[in-house]
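A.B. asks: Residue numbers (our numbering), protein chains in the order written: chain C, 22 to 331; chain W, 22 to 331; chain P, 22 to 331; chain Y, 22 to 331. Yeah, the Cβ is synthetic: ideal placement off N, Cα and C, and Gly gets one too. Just so we're clear, the structure is a prediction, and the values are computed from it rather than from any experiment. Structure in structure tokens, see below.
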């Protein structure tokens with residue numbers, strides 16, 4: 022915990038990516054929608070943003086991709102700015118699920134209350150809350166992300182959103198099941214449309230590292246705007262640690278030891294509290310649905326600079 | 022993260038216990054065996070041991086109680102000293118279970134490989150490994166705990182162990198189920214007998230804080246003996262964070278933000294890496310099976326001295 | 022098996038209803054939609070139709086009610102007239118579910134293939150098949166039921182259908198889950214609309230006994246029209262025996278010993294092969310969701326005339 | 022239902038076996054214990070015993086084999102002679118399980134009450150009841166079977182029983198799980214030892230058809246001894262219909278339409294009430310664990326003589 026930033030450098034990141042590149046071919050690009058299946062598997066990117074605002078990067082760090090479930094952290098953050106703590110946590114839990122990210126078994130047994138906001142069911146509930154509160158929830162999210170990053174051209178990949186909507190059956194089942202338990206307020210298909218747009222946010226690794234820097238910085242942006250309270254930032258980090266990597270969260274904590282959230286697009290964002298955020302991208306996924314080379318890169322980084330929170 | 026130890030003091034702990042004492046009566050003392058059910062609910066204790074060896078304590082911090090599942094951390098540590106990483110983790114996983122601590126559902130679906138070493142099934146597997154490696158596994162554990170604490174009179178509560186053995190059916194079912202999948206080597210009843218003895222270890226909060234100090238101190242004892250490697254210490258901390266509090270691990274991370282392991286005797290041990298360990302004891306449990314007042318005391322401590330890892 | 026029809030009479034049925042009337046008050050009228058919840062619990066009716074066309078009846082046997090899941094037998098019969106055996110049974114199974122009638126757990130584990138055509142999921146698949154084959158599936162069902170009974174004024178209770186559609190979330194979840202596995206062809210909401218209309222069919226006990234007489238008569242109507250083959254009639258009877266009474270099918274076979282299908286409206290239709298059909302109606306349900314007094318009346322009938330198939 | 026016995030003949034059975042012999046090779050001999058795995062797959066046998074005592078047979082009808090789960094019907098019958106109805110059915114249910122024969126999932130959810138007496142858990146409960154009531158339960162069963170068949174040399178295959186006991190883990194898990202819920206009275210291992218002996222009963226098809234003739238004959242033996250009441254015989258037939266063929270009971274009722282009970286040794290016993298019993302044997306099993314060629318032979322028989330109960 023002592024060697025803060027001393028070894029962070031572009032060279033370090035380049036070196037790490039070079040080591041993990043050999044793993045490409047061992048994972049599997051997400052193929053449930055064509056728009057994701059067509060992304061070439063050779064992409065590899067890494068970017069760091071320190072709480073002082075310094076940026077380090079390597080590989081395709083300026084190429085945008087579909088951030089997918091990483092957007093679940095943004096949805097939760099936005100909900101935290103508009104709802105009281107008890108309003109959120111009576112509708113979604115805080116526990117790891119112990120199951121694949123889109124299973125309905127648990128949701129049925131637990132009467133429509135999703136285990137946590139980082140599985141699909143939980144993120145759909147959060148989206149339902151945003152849909153209920155905002156007149157233009159898609160526009161509101163864009164503004165939020167643009168304000169977090171300072172990048173005004175970040176937007177949705179409408180082709181991805183459309184493709185997701187066409188393959189929405191599983192998530193529609195999840196949403197209707199929650200509705201059947203009374204844990205859903207808006208129109209199911211309208212909420213899914215918003216949800217898939219959030220998933221389709223197109224960002225690059227540098228933008229991701231900047232975007233989530235508030236989680237490393239006690240809820241503050243680099244420009245000192247306080248987005249959420251320091252306690253809320255810690256709460257989100259805790260949720261990422263226990264629930265952020267689907268059913269591979271325990272393994273990720275064991276190997277890498279910092280809070281993170283992954284997406285099926287192959288991106289992962291991680292937070293080293295009071296130090297920096299780091300984003301990686303490599304489209305091939307491991308069996309838990311997390312970027313295979315991305316996890317390896319983060320493990321190397323954690324080892325090199327000794328920044329596990331444990 | 023900056024204010025290390027400055028505010029740790031006996032007074033602080035006394036003050037915290039005073040605040041949480043009001044909660045006594047809201048939880049439920051474990052009653053599945055008489056020996057636990059008879060423990061008076063009014064006990065309340067807290068002790069801290071810093072990585073420099075300084076001790077702070079309050080309440081019944083020198084009264085011993087049944088540490089129960091806290092012993093699972095000791096079992097894993099001992100196994101790590103005698104087995105290679107791959108030998109352990111092919112027989113037990115690293116993921117939170119998302120289910121009560123003694124459910125068989127998941128164990129059957131996942132073909133006899135328990136989710137993690139901190140649920141009963143996982144700890145029984147670890148005990149099976151110790152039983153296989155040591156000729157006198159009960160004696161070996163006693164020696165280990167005595168060496169960690171320097172307290173040579175720590176021992177098993179044989180009445181508790183006997184009572185557990187008489188109510189062993191659920192754990193026998195778990196063990197036989199794993200055996201049916203080929204994930205069990207020794208005699209089931211012999212392993213259970215050892216396992217229940219581990220659970221019956223009788224220690225007080227000061228001893229617990231001392232005992233687990235190696236987890237805060239990169240695997241080293243206060244006398245500088247290296248028990249496990251720094252990486253192994255971090256791995257155990259990570260497992261405690263994601264799996265240490267049964268199906269309340271996410272909530273505990275969210276509210277308190279440090280790795281911990283609880284027992285149904287009402288004890289909890291927590292680790293603030295590179296800083297200190299803290300043990301609490303209050304027999305009444307919350308719905309997840311963790312000490313109700315104990316969790317509250319740890320939350321207050323975490324808030325007062327700002328030592329969440331997040 | 023020897024005493025065929027000798028004891029069937031209006032007096033017998035009247036006597037049976039008198040005995041079971043005492044049970045009214047011990048069950049619970051279905052209350053998930055207002056239109057069903059408002060049906061008075063005191064209704065009690067029974068009607069028999071022999072394969073020779075003789076009718077016996079008692080109580081409110083000419084009062085219509087919502088037949089609900091009894092319509093699942095009609096849907097399957099209609100599908101059998103338009104699809105080959107293999108086309109049907111690759112999309113729905115033939116096994117009892119061992120679970121409540123609208124659970125999603127099993128459906129997810131078994132990859133969107135419902136256990137049998139008499140649970141909701143299975144009947145929705147059958148409706149999807151009818152929706153795909155018929156241009157006006159609601160009209161087609163009406164014509165079918167009218168031809169089976171000779172009653173040209175049988176129709177849907179549109180208020181019930183509308184109310185069901187407003188509480189469709191659980192069934193929508195079921196349908197979307199099957200769609201996510203590729204086992205669904207038409208539009209989900211359109212199929213549900215048809216499905217709920219089938220459920221809302223309004224018939225009385227005499228009409229029900231007449232309507233299903235083809236199942237007692239080797240697939241033939243009383244006017245000798247062959248609706249389905251003798252083998253198909255036996256197959257439907259077999260499915261009713263093993264799956265017709267939700268998770269109370271085993272108990273029903275044990276106590277009463279003839280094939281039957283119940284609905285949450287409190288109706289039950291039973292078949293004594295080569296002898297007669299019998300319909301009962303009493304709105305209060307037992308814990309398995311079958312008419313409480315209806316089951317009791319059928320048990321008495323089975324005892325009195327010795328017509329268990331076993 | 023009219024053509025009773027007219028077509029039953031040795032020639033018919035020989036003809037049927039000839040037709041189904043072609044299926045040998047498509048199933049799989051049970052291999053969980055060596056004693057069963059070593060049985061040659063070419064065995065094929067069929068025997069009928071009418072309620073008048075006439076015997077027809079074909080193939081290896083006089084070669085004995087391990088009857089395995091067919092013994093569950095004998096255990097239940099014996100229990101019915103010594104326990105009141107309510108004493109039995111408070112400890113075991115009457116519903117199909119919808120799951121493989123030795124799953125623990127349901128048993129845990131349903132608090133240690135097995136679904137029915139024909140899955141392992143249920144038969145183990147029945148054995149626990151017999152163990153509790155009889156001083157020599159193994160000897161008592163032998164006497165019972167010998168009295169039912171008149172064959173005084175029927176006995177256990179001790180090699181099979183021993184082999185089962187050595188692979189008892191799964192069933193031990195089941196028994197201990199029930200014990201943990203308070204639904205078990207005797208010593209687990211002693212009960213399992215008795216249970217495996219029952220499973221190891223060695224009988225041939227002619228003996229099986231004779232043995233179970235009381236189920237076709239209203240509870241009476243051919244010598245007119247009343248073993249159980251006519252109602253109890255019907256109850257057992259009903260349970261065989263809904264639960265007798267594991268998770269293939271629905272398919273069996275659909276295709277064959279008579280009550281039956283199978284064993285993993287490849288035997289099946291079926292009952293045509295008031296007419297005859299029929300036993301088949303062919304060691305290869307289908308996916309549900311029922312004799313593949315045996316089912317085919319029974320289907321042919323059912324078609325040829327038109328004796329489905331439906």
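Quick test of your reading: residue 110/C and residue 226/C, contact by CB under 8 angstroms. State the CB separation rounded to the nearest angstrom.
C.D. replies: Residue numbering aside, residue 110/C sits at position 89 when the first chain is read from its first letter. Residue numbering aside, residue 226/C sits at position 205 when the first chain is read from its first letter. That pair is no contact at about 31 angstroms.
A.B. asks: Taking the alpha helix (DSSP H) that residue 126/P falls in, what are its first and last residues?
C.D. replies: On the third chain, residue 126/P is found 105 positions in, with the first residue counted as 1. Looking at the DSSP string, the run of the alpha helix (DSSP H) that includes residue 126/P is 126-130.
A.B. asks: Could you tell me which residues DSSP puts in a beta bridge with residue 302/P?
C.D. replies: The residue you call residue 302/P lines up with position 281 of the third chain. Looking at the DSSP assignment, residue 302/P forms a beta bridge with 66/P, 288/P.
A.B. asks: Can you list, in chain order, the residues of its chain whose CB lies under 6 angstroms from that of residue 290/P, leaving out five sequence neighbours each side?
C.D. replies: Reading the third chain from its first residue, position 269 is the one you call residue 290/P. Around residue 290/P: 91, 229, 233, 282, 300.
A.B. asks: Judging by CA-CA distance, which residue of 45/C, 139/C, 134/C, 38/C is the nearest neighbour of residue 307/C?
C.D. replies: Taking the first chain and counting its residues from 1, one reaches residue 307/C at position 286. Closest option to residue 307/C, Cα to Cα, is 45/C.
A.B. asks: Is it right to say residue 188/W is buried, meaning 16 or more other beta carbons lie within 10 angstroms of its own, or is it exposed?
C.D. replies: As a position in the second chain, residue 188/W is number 167, starting the count at 1. Exposed: under 16 other Cβ atoms inside 10 Å.
A.B. asks: Measure the beta-carbon distance from residue 205/W to residue 149/W and round it to whole angstroms, keeping in mind my assumption that it falls under 8 angstroms.
C.D. replies: The residue you call residue 205/W lines up with position 184 of the second chain. The residue you call residue 149/W lines up with position 128 of the second chain. Between residue 149/W and residue 205/W the Cβ distance is about 6 angstroms, and since that is below 8 angstroms, they are a contact.
A.B. asks: Hey, quick one: how far does the beta strand (DSSP E) through residue 186/P stretch, first residue to last?
C.D. replies: Sequence index remark: in the third chain, residue 186/P carries index 165 (1-based). Element bounds for residue 186/P: not the beta strand (DSSP E) but the alpha helix (DSSP H), 179-187.
A.B. asks: Starting from residue 76/C, trace the beta strand (DSSP E) both ways and give me its first and last residue.
C.D. replies: Working through the first chain from its first residue, we reach residue 76/C at position 55. It spans 76-80 - the beta strand (DSSP E) in which residue 76/C sits, taken as one unbroken run.
A.B. asks: Apart from the five residues just before and just after residue 127/C, which ones in its own chain have a Cβ nearer than 7 angstroms to its Cβ?
C.D. replies: Your numbering for residue 127/C matches position 106 in the first chain. 118, 120, 136, listed in sequence order.
A.B. asks: Under the rule that 16 or more other beta-carbon atoms within 10 Å means buried, what is residue 218/W, buried or exposed?
C.D. replies: The residue you call residue 218/W lines up with position 197 of the second chain. Buried, since its Cβ has 16 or more Cβ neighbours within 10 Å.
A.B. asks: Work out the CA separation of residue 36/Y and residue 325/Y for me, nearest whole Å.
C.D. replies: As a first step, residue 325/Y is located in the fourth chain; it is residue number 304 there, counting from the start. As a first step, residue 36/Y is located in the fourth chain; it is residue number 15 there, counting from the start. Their backbone Cα atoms lie some 11 angstroms apart in a straight line.
A.B. asks: What residues in the stretch 123-136 of chain W bring their beta carbon closer than 8 angstroms to a beta carbon of chain Y?
C.D. replies: Taking 8 angstroms as the Cβ-Cβ cut-off against chain Y, the residues of the stretch 123-136 of chain W that qualify are 124, 125, 126, 129, 130.
A.B. asks: Tell me the rounded alpha-carbon separation between residue 183/C and residue 215/C.
C.D. replies: Along the first chain, read from residue 1 onward, the residue named residue 183/C stands at position 162. Along the first chain, read from residue 1 onward, the residue named residue 215/C stands at position 194. Computed Cα separation, rounded: 11 angstroms.
A.B. asks: Check whether the Cβ atoms of residue 103/W and residue 154/W sit closer than 8 angstroms, and answer yes or no.
C.D. replies: Locating residue 103/W in the second chain gives position 82, counting from the first residue. Locating residue 154/W in the second chain gives position 133, counting from the first residue. It is a contact, given that the beta carbons lie within the stated cut-off.
A.B. asks: Interface residues of chain W around residue 191/Y at Cβ under 9 angstroms?
C.D. replies: Taking the first residue of the fourth chain as position 1, residue 191/Y is located at position 170. Within chain W, the residues near residue 191/Y are 197, 198, 200, 201, 202.
A.B. asks: Does the beta carbon of residue 221/C fall short of 7 angstroms from some heavy atom of the ligand FAD?
C.D. replies: In terms of ligand content, the structure shown is empty, and the ligand FAD therefore cannot be addressed.
A.B. asks: On a Cα-Cα basis, can you pick out the residue from 298/P, 285/P, 321/P that is closest to residue 60/P?
C.D. replies: If you number the third chain from 1, residue 60/P lands on position 39. Minimum Cα distance to residue 60/P is reached at 285/P.
A.B. asks: If you follow the beta strand (DSSP E) that residue 222/C is part of, which residue opens it and which one closes it?
C.D. replies: The residue labelled residue 222/C in the question sits at position 201 within the first chain. Looking at the DSSP string, the run of the beta strand (DSSP E) that includes residue 222/C is 222-224.
A.B. asks: Does chain C have any CB closer than 8 angstroms to the CB of residue 239/W?
C.D. replies: In the second chain, counting from the first residue as 1, residue 239/W sits at position 218. No, its Cβ sits nowhere closer than 8 angstroms to a Cβ of chain C.
A.B. asks: Can you list, in chain order, the residues of its chain whose CB lies under 8 angstroms from that of residue 161/W, leaving out five sequence neighbours each side?
C.D. replies: Taking the first residue of the second chain as position 1, residue 161/W is located at position 140. Hits under 8 angstroms: 99, 151, 155.
A.B. asks: I need the boundaries of the beta strand (DSSP E) containing residue 308/Y, first residue and last residue.
C.D. replies: Looking up residue 308/Y in the fourth chain gives position 287. From DSSP, residue 308/Y is part of no beta strand (DSSP E); its letter is neither H nor E.
A.B. asks: Against chain P, with Cβ distances strictly below 8 angstroms, would residue 82/C count as a contact?
C.D. replies: The residue given as residue 82/C occupies position 61 in the first chain. It does not: the Cβ of residue 82/C has no partner Cβ on chain P nearer than 8 angstroms.
A.B. asks: Does the beta carbon of residue 270/W sit closer than 8 angstroms to a beta carbon anywhere in chain C?
C.D. replies: Your numbering for residue 270/W matches position 249 in the second chain. Chain C contact via Cβ: present.
A.B. asks: Find the residues of chain W that neighbour residue 256/C, judging by a C-beta separation of less than 7 angstroms, and give them in chain order.
C.D. replies: Mapped onto the first chain, residue 256/C falls at position 235. Chain W residues near residue 256/C: 275.
A.B. asks: Check this for me: beta carbons of residue 199/C and residue 142/C, under 8 angstroms apart or not?
C.D. replies: Mapped onto the first chain, residue 199/C falls at position 178. Mapped onto the first chain, residue 142/C falls at position 121. Yes, these two residues count as a Cβ contact at 8 angstroms.
A.B. asks: Our contact map puts residue 220/Y next to residue 272/Y with C-beta atoms below 8 angstroms; I'd like the distance itself, whole angstroms only.
C.D. replies: One-based indexing of the fourth chain puts residue 220/Y at position 199. One-based indexing of the fourth chain puts residue 272/Y at position 251. Going by Cβ atoms, the distance from residue 220/Y to residue 272/Y rounds to 24 angstroms, so no, they are not a contact pair.
A.B. asks: When the Cα of residue 312/W is compared with those of 62/W, 211/W, 31/W, which residue comes out closest?
C.D. replies: Counted from its first residue, the second chain places residue 312/W at position 291. The shortest Cα separation from residue 312/W among 62/W, 211/W, 31/W belongs to 62/W.
A.B. asks: Return the first residue and the last residue of the alpha helix (DSSP H) that residue 96/W is part of.
C.D. replies: Residue 96/W sits at position 75 when you count from the first residue of the second chain. Where residue 96/W is concerned, the enclosing alpha helix (DSSP H) stretches over 92-103.
A.B. asks: Less than 8 angstroms between the CB atoms is what I'm expecting for residue 213/W and residue 194/W, so what's the real figure, rounded?
C.D. replies: Translated into the one-based positions of the second chain, residue 213/W becomes position 192. Translated into the one-based positions of the second chain, residue 194/W becomes position 173. Their Cβ separation, rounded to whole angstroms, is 11 angstroms, which puts residue 213/W and residue 194/W out of contact at 8 angstroms.
A.B. asks: Name the chain Y residues whose beta carbon is nearer than 8 angstroms to that of residue 262/P?
C.D. replies: As a working note, residue 262/P is residue 241 in the third chain. By Cβ distance, chain Y contributes 262, 263, 274, 331.
A.B. asks: Under 8 angstroms Cβ to Cβ from residue 86/Y, same chain only, skipping five residues before and after it: list those, please.
C.D. replies: By 1-based counting over the fourth chain, the position of residue 86/Y is 65. If we look at residue 86/Y and ignore the five residues flanking it on each side, its Cβ neighbours are 60, 64, 223, 224, 225, 286, 287, 288, 302, 304.
A.B. asks: Verify the CB distance criterion: does residue 100/C have a CB-CB separation below 8 angstroms to chain P?
C.D. replies: Counting from one through the first chain, the residue named residue 100/C turns up at place 79. No, residue 100/C lies away from the interface with chain P (no Cβ there is under 8 angstroms from its Cβ).
A.B. asks: Just checking my contact of residue 318/C with residue 41/C at CB under 8 angstroms: how many whole Å lie between their CB atoms?
C.D. replies: Numbered from 1 along the first chain, position 297 holds the residue referred to as residue 318/C. Numbered from 1 along the first chain, position 20 holds the residue referred to as residue 41/C. Indeed they touch by this definition, with Cβ atoms about 5 angstroms apart.
A.B. asks: Check distances from the C-beta atoms of the stretch 86-118 of chain P to those of chain Y and list, in chain order, the residues that come in under 8 angstroms.
C.D. replies: Going along the stretch 86-118 of chain P in chain order, one finds 114, 115, 116, 117, 118 with a Cβ nearer than 8 angstroms to chain Y.
A.B. asks: On the premise that residue 309/C lies in contact with residue 266/C, defined as a C-beta separation below 8 angstroms, what is that separation, rounded to the nearest angstrom?
C.D. replies: One-based indexing of the first chain puts residue 266/C at position 245. One-based indexing of the first chain puts residue 309/C at position 288. Confirmed, Cβ separation roughly 7 angstroms.
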